[in-house]
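Worksheet for the structure shown next.
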């Protein structure tokens, strides 16, 4: 099974404090600093439990997303990537965490925005390559577990598959441990080195 | 195996063959464009006619508020149209004839919005669904998955017959004359891809209404509008239509004119076809700003236009498609899931009464209601759409419609179920009240995604919606009943002309700064099928538009006479007074004092017009001959694929077919109605182009034409082909097609030099 269009979401620690419109301004400053990396941004904050504020580029979208009525950062890869499934998952997690870290350090938010490190959502946005079935789960389980072990540095974790067969293949990874974004990123990088 | 091929295998058996073939052809055209074998203008119109539209910044540049950035697009010079970069995301418009949807279709739309777009399905002001940020190379898979649930994107854009719209209450309306749904459906089917609708200078829109007095069909603002009507002849009631032509909004709005006071139902399709033929033949092709049929009718006068159409009607050979659908029309009505029982005195959830007051319409069928799902700015998420499909299955059958007010209507709800329906909708965030009120602001995409957008229509609509929602409970009922519609520019996709309070985006230069403004339009009439267009009052800075709404509505409440409509009120106080009322709001503070005035709603960038691009609303003027030449290239490409796979017989047959197609392209320049059969095409080609030496190369003489005749003769012996001979046939076919292109270019140049305009304006109906 070839994993493509990997989406990773980390959830906001304090969703009540989120003002999605403020990300229109923040993402605009990112665009100004990007030299053509990002095409555009889209504001869907008026839609309940929707995609929130999206920053659009060729390879991937980044958004402050409210899917499932839970605010968080969603990194959604759109174009095909090379490498093993494990490498692609690791790269997607690293990029998502990097964006989380960037948001946490965003001056306009004055340190008020934090992400939960104890939970992540993986969605494969391709019903053809990765249908939402138990077979798909079995096929990629070893890579997901390897990734979770690295991410949570050996702390116990659980993986739960999205059960609605109409929805895309999705996995909730949860751990009882307490982690911040920087630690998760360090864990992930450490496991490679 | 590519993703596209795999989807073809998975859903192919569910796709109607003709639609499947269309998509295959388009996929080949994508490949040919990538190889540089289709001209970018031809490809642009080709994709537009399949619903694939350009999107803002697709020229590869974006102003970031400080400077113009060159976007990182890996296209390496490849374009999908003039100034339209291949890898730039685009918009996909999906036709939903008369707005009719079923739960399965909603689920597929939800899936596709996630996988190929940004997770949002957007309901347009013409009952379509649109996706944004779609990559061109994903479109064949997207189209196949739609086609598998009987949805097409064909002719959703471009110079073609667009989505056929109809009153969303058709069939359940208390005041309709009869249900127009089957007629809208039949028109949509009959005109889709019809040869007589392929050579328009601009788009062509149809709308149906079941009655004259309500707003739902908006027939007055359409190229062709049909209002249900019956007449009694010899004691027998006959169905027909009050038939209007030449309406349209845009920069120069026209109200449709009466073409026929009573057009019998059996004449609906032949008359539409006749009108299409006259429009294709005489409509403007060169000046895009005056190419809609409304200008043709204005130039000719309705009497002359009618005469030409009736003459055309006489010439048409009878087509069983004109009336075939009428036989089963009585049995086409919808059926409910449950029995019709009245809303009883049971418990009502919190918020139900407010929702019921604005979102529920009591059907003419006792015990049933239609419930409107209010969509903010017409947007719905994939999760919501899937959940709504579940809700629909629980309460109704396949009786769902999109509306021109960018909402979704669930019809045939048993009234007893309404409280439960409300609760179910509330759980998925779709139970907002205020459908069809001043809060339910309609807006086109504007600067969010449209290349022509000047100001942020969605940004303004969102702001107005937010403010009006907050005070909706205290609004005077007369104000609550008003409609606000916003367009990002004068083209009026937001239908600002027919709103009580309408706005369209413009800009003003203030002390060297470009400042976003909206032109204020007051007194348009949504009811009576878009019965009157509003009056332009003046330009107001974007950031002061909410004050305009407050001031105008407050004054209306304070000064209206008993029973006076908003239109009458505006008419009574007059333009001068109305303008004076808003005068102070037109002032723009200096940049130092109020920099926010210099950016638009929802967009922190300093305002600029630098991001405006070349619009694709007008499509590209590509003649039928050019399309046919492109088709010949595609057929030759397919021949090459057969050759590569070792099937020489099919390769040579396809190559020969490609040559015939190229010959047909040339014949079309003189005889638009040339038949499809090969013998006739070749005979006409010989007579019109070979005997006259129009198809004659200065050096090769008649050699290229001979390739065609020789290839057709040689088809008899294709079973014993050698590879070398087959390859030679393919090469000859390429030379013939190249020569056909040269011949066409030569003819076009001659016509232009003679001052006759673009080729297509003279190339038909000889």
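Chains as they are written, first to last, in this note's numbering: chain X, 32 to 224; chain G, 1390 to 2155. Glycine included, C-beta positions come from ideal geometry on N, C-alpha and C.
(message) Please report the straight-line C-alpha distance between residue 1533 (chain G) and residue 1542 (chain G), rounded to a whole angstrom.
(response) Translated into positions along the second chain, residue 1533 (chain G) becomes position 144. Translated into positions along the second chain, residue 1542 (chain G) becomes position 153. The alpha-carbon atoms of residue 1533 (chain G) and residue 1542 (chain G) are separated by roughly 10 Å.
(message) Please report whether the beta-carbon of residue 141 (chain X) lies at a distance below 9 Å from any beta-carbon of chain G.
(response) Taking the first chain and counting its residues from 1, the one referred to as residue 141 (chain X) is at position 110. Cβ-Cβ to chain G under 9 Å: no for residue 141 (chain X).
(request) Take every Cβ of the segment 1480 to 1500 of chain G, pair it with every Cβ of the segment 1456 to 1470 of chain G, and state whether three or more of those distances are shorter than 8 Å. (result) no
(request) Report the three-state DSSP secondary structure of residue 1970 (chain G) (helix, strand or coil). (result) One-based indexing of the second chain puts residue 1970 (chain G) at position 581. Helix, per DSSP.
(request) Report the neighbours of residue 1458 (chain G) on chain X: residues whose CB is nearer than 8 Å to its CB, in chain order. (result) The sequence position of residue 1458 (chain G) within the second chain is 69, counting from 1. By Cβ distance, chain X contributes 62, 65, 66 and 67.
(message) According to DSSP, simplified to helix, strand and coil, what is residue 1497 (chain G)?
(response) Position 108 of the second chain holds residue 1497 (chain G). Residue 1497 (chain G) falls in the helix class under three-state DSSP.
(request) Please list the partners that residue 158 (chain X) has in chain G, where partner means a Cβ-to-Cβ separation under 8 Å. (result) If you number the first chain from 1, residue 158 (chain X) lands on position 127. The answer, in chain order, is 1500 and 1504.
(message) According to DSSP, simplified to helix, strand and coil, what is residue 209 (chain X)?
(response) To locate residue 209 (chain X), count along the first chain from 1; it is residue 178. Secondary structure of residue 209 (chain X) (DSSP, three-state): coil.
(request) Can you tell me which of the three DSSP states residue 1773 (chain G) falls into? (result) Against the second chain, residue 1773 (chain G) aligns to sequence position 384. The answer is helix: DSSP assigns residue 1773 (chain G) an H, G or I state.
(message) Under 9 Å, Cβ to Cβ, is there at least one residue of chain G near residue 196 (chain X)?
(response) What you label residue 196 (chain X) is simply residue 165 of the first chain in a count that begins at 1. No - not a single Cβ of chain G is within 9 Å of the one on residue 196 (chain X).
(message) Distance check for residue 1535 (chain G) and residue 89 (chain X), CA to CA, integer angstroms please.
(response) Your numbering for residue 89 (chain X) matches position 58 in the first chain. Your numbering for residue 1535 (chain G) matches position 146 in the second chain. Roughly 24 Å between the two C-alpha positions.
(request) Check the C-beta distance from residue 1912 (chain G) over to residue 1955 (chain G) and give it rounded, since I have them as a contact under 8 Å. (result) Locating residue 1912 (chain G) in the second chain gives position 523, where the first residue counts as 1. Locating residue 1955 (chain G) in the second chain gives position 566, where the first residue counts as 1. Confirmed, Cβ separation roughly 7 Å.
(request) Can you give me, in chain order, the residues of the segment 1926 to 1954 of chain G that have a beta carbon less than 8 Å from any beta carbon in chain C? (result) Any reference to chain C falls outside this structure, whose protein chains are X and G.
(request) Assign residue 1669 (chain G) to one of three DSSP states: helix, strand, or coil. (result) What you label residue 1669 (chain G) is simply residue 280 of the second chain in a count that begins at 1. In this structure, residue 1669 (chain G) counts as helix in the three-state DSSP scheme.
(message) To the nearest angstrom, how far is the alpha carbon of residue 2032 (chain G) from that of residue 1415 (chain G)?
(response) For the purposes of this step, residue 2032 (chain G) is identified with residue 643 of the second chain, where counting begins at 1. For the purposes of this step, residue 1415 (chain G) is identified with residue 26 of the second chain, where counting begins at 1. Approximately 20 Å, taken between the alpha carbons.
(request) Using three-state DSSP, classify residue 1892 (chain G) as helix, strand or coil. (result) Taking the second chain and counting its residues from 1, one reaches residue 1892 (chain G) at position 503. Residue 1892 (chain G): strand per DSSP, three-state reduction.
(message) Is there a C-beta anywhere in chain X that falls below 9 Å from the one on residue 1364 (chain G)?
(response) The displayed coordinates of chain G run from 1390 to 2155. Any statement about residue 1364 (chain G) would go beyond what the structure contains.
(request) Within 10 angstroms of the Cβ of residue 111 (chain X), are there 16 or more other Cβ atoms? Answer buried if so, exposed if not. (result) What you label residue 111 (chain X) is simply residue 80 of the first chain in a count that begins at 1. Flag for residue 111 (chain X) reads exposed.
(request) Alpha carbon to alpha carbon, how far is residue 141 (chain X) from residue 1511 (chain G)? Give it in angstroms, no decimals. (result) Translated into the one-based positions of the second chain, residue 1511 (chain G) becomes position 122. Translated into the one-based positions of the first chain, residue 141 (chain X) becomes position 110. Their Cα atoms are separated by approximately 35 Å.
(message) Quick check: what's the CA-CA separation for residue 163 (chain X) versus residue 197 (chain X)?
(response) In the first chain, the residue the question calls residue 163 (chain X) occupies position 132. In the first chain, the residue the question calls residue 197 (chain X) occupies position 166. So the alpha carbons of these two residues sit roughly 8 Å apart.
(request) Return yes when at least one heavy atom of the ligand MG lies under 8 Å from the C-beta of residue 1850 (chain G), else no. (result) This structure simply doesn't include the ligand MG, nor any ligand for that matter.
(request) Mind reading off the beta-carbon distance from residue 2047 (chain G) to residue 2126 (chain G)? Whole number of angstroms is fine, and I expect it under 8 Å. (result) For this step, residue 2047 (chain G) is matched to residue 658 along the second chain. For this step, residue 2126 (chain G) is matched to residue 737 along the second chain. Indeed, because the Cβ distance is near 6 Å, the residues count as touching under 8 Å.
(request) Determine the extent of the alpha helix (DSSP H) in which residue 144 (chain X) is found, giving its start and end residues. (result) Taking the first chain and counting its residues from 1, one reaches residue 144 (chain X) at position 113. No alpha helix (DSSP H) holds residue 144 (chain X); DSSP gives it neither H nor E.
(request) Kindly list the residues whose CB is nearer than 6 Å to the CB of residue 2003 (chain G), restricted to its own chain and excluding five residues on each side of it in sequence; keep chain order. (result) Position 614 of the second chain holds residue 2003 (chain G). Excluding residues within five positions, the ones whose Cβ falls inside 6 Å are 1472.
(message) Just to confirm my understanding: we take residue 1593 (chain G), look at its own chain, exclude 5 residues before and 5 after, and list those with CB closer than 6 Å. What are they?
(response) Here residue 1593 (chain G) refers to the residue found at position 204 when the second chain is read from its first residue. Same-chain partners within the cutoff: 1550 and 1612.
(request) Find out if the Cβ-Cβ distance for the pair residue 1791 (chain G), residue 1972 (chain G) is shorter than 9 Å. (result) Taking the first residue of the second chain as position 1, residue 1791 (chain G) is located at position 402. Taking the first residue of the second chain as position 1, residue 1972 (chain G) is located at position 583. No.
(request) If I'm right that residue 1802 (chain G) touches residue 1757 (chain G) with Cβ under 8 Å, what's the distance once you round it to whole angstroms? (result) If you number the second chain from 1, residue 1802 (chain G) lands on position 413. If you number the second chain from 1, residue 1757 (chain G) lands on position 368. With 8 Å as the limit, residue 1802 (chain G) and residue 1757 (chain G) qualify as a contact, their Cβ atoms being about 6 Å apart.
(request) Determine the chain G residues that contact residue 75 (chain X) at a beta-carbon separation under 7 Å, and present them in chain order. (result) Taking the first residue of the first chain as position 1, residue 75 (chain X) is located at position 44. Per Cβ cutoff of 7 Å: 1509 and 1768.
(request) Give the residues of chain X in contact with residue 1395 (chain G), contact being defined as C-beta atoms less than 7 Å apart. (result) Here residue 1395 (chain G) refers to the residue found at position 6 when the second chain is read from its first residue. In chain order: 159.
(request) Could you please give me the residues that DSSP links to residue 1458 (chain G) through a beta bridge? (result) One-based indexing of the second chain puts residue 1458 (chain G) at position 69. G:1451.
(message) Given this structure, state the Cα-to-Cα distance separating residue 1469 (chain G) from residue 1398 (chain G), to the nearest angstrom.
(response) Taking the second chain and counting its residues from 1, one reaches residue 1469 (chain G) at position 80. Taking the second chain and counting its residues from 1, one reaches residue 1398 (chain G) at position 9. Taking the straight line from one Cα to the other gives about 27 Å.
(message) With H, G and I counted as helix, E and B as strand and the rest as coil, what does DSSP make of residue 1405 (chain G)?
(response) For the purposes of this step, residue 1405 (chain G) is identified with residue 16 of the second chain, where counting begins at 1. Residue 1405 (chain G) falls in the coil class under three-state DSSP.
(request) Within 10 angstroms of the Cβ of residue 1418 (chain G), are there 16 or more other Cβ atoms? Answer buried if so, exposed if not. (result) Working through the second chain from its first residue, we reach residue 1418 (chain G) at position 29. Result: buried.
(message) Suppose contacts are defined by Cβ-Cβ distances below 9 Å. Is residue 2074 (chain G) in contact with residue 2084 (chain G) by that definition?
(response) Against the second chain, residue 2074 (chain G) aligns to sequence position 685. Against the second chain, residue 2084 (chain G) aligns to sequence position 695. The answer is yes: Cβ separation under 9 Å.
(message) With a threshold of 9 Å between beta carbons, is residue 1843 (chain G) in contact with chain X?
(response) Position 454 of the second chain holds residue 1843 (chain G). No, because no Cβ of chain X sits closer than 9 Å to the Cβ of residue 1843 (chain G).
(message) Spatial neighbours of residue 1897 (chain G) within its chain, please: C-beta separation below 7 Å, excluding the five flanking residues on both sides.
(response) One-based indexing of the second chain puts residue 1897 (chain G) at position 508. Only 1904, 1906 and 1928 meet the Cβ criterion.
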